[in-house]
Each structure stands twice: as C-alpha cells, then as structure tokens.
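When you line the sequence shown up against full-length UniProt numbering, it's residues 1 to 64, in that order.
Positions of the beta carbon are idealized from the N, C-alpha and C atoms, including for glycine.
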Amino acid sequence: KEYLRGILLHYFFQKKSVAEAHRILVEIYDDHALSETTCRDWFRRFKNNDFDVEDKERSGAPKK
C-alpha cells in the first residue's frame with residue numbers, strides 16, 4: 001500500500017488529476033490499484049501538506 005501511495009504522491013507533484021492518477025494506477029496494477037475514492041482522499045492529504053505515505057499505527061489492528 002505504501003508503495004502505491006508513493007506513486008500517487010509522484011503523480012500529485014506532476015499536477016495530474018485524481019482521475020488521471022487513478023486511471024494510470026488501474027492500467028498498471030489492475031485489481032491491486034487503489035480505488036478512486038482512496039486516491040481522492042490521499043490527494044486531499046497532499047494538498048494539506050501531509051506527505052507521509054506510511055501506515056499509521058492503529059490500536060487493535062494487526063500489522064500486515
């Protein structure tokens with residue numbers, strides 16, 4: 001997941017739209033691509049200067 005988020009961050013800095021970034025991810029990663037909604041959420045974070053693409057620790061959730 002973090003790898004795909006990093007790619008998404010790259011597309012954000014390239015000024016690609018959410019739809020375009022999602023389309024490219026689907027072309028390359030097919031069923032393993034992030035959903036367009038998830039891409040939109042990440043672009044929103046990036047626009048707020050939150051560029052951390054690592055998983056956050058969550059209580060009760062086992063780390064994969």
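query                                                                                                                                                      : result
For the alpha helix (DSSP H) holding V26, just list the boundary residues, first then last.                                                                : 18-29
Just the C-alpha distance for F13 and S59, rounded to the nearest angstrom, thanks.                                                                        : 32 Å
Take R40 and list the residues in its own chain whose beta-carbon comes closer than 6 Å to its own, dropping the five residues that flank it on each side. : V18
Could you spell out where the alpha helix (DSSP H) holding E36 opens and where it closes?                                                                  : 36-47
Mind checking R44: buried by the 16 CB within 10 Å criterion, or exposed?                                                                                  : exposed
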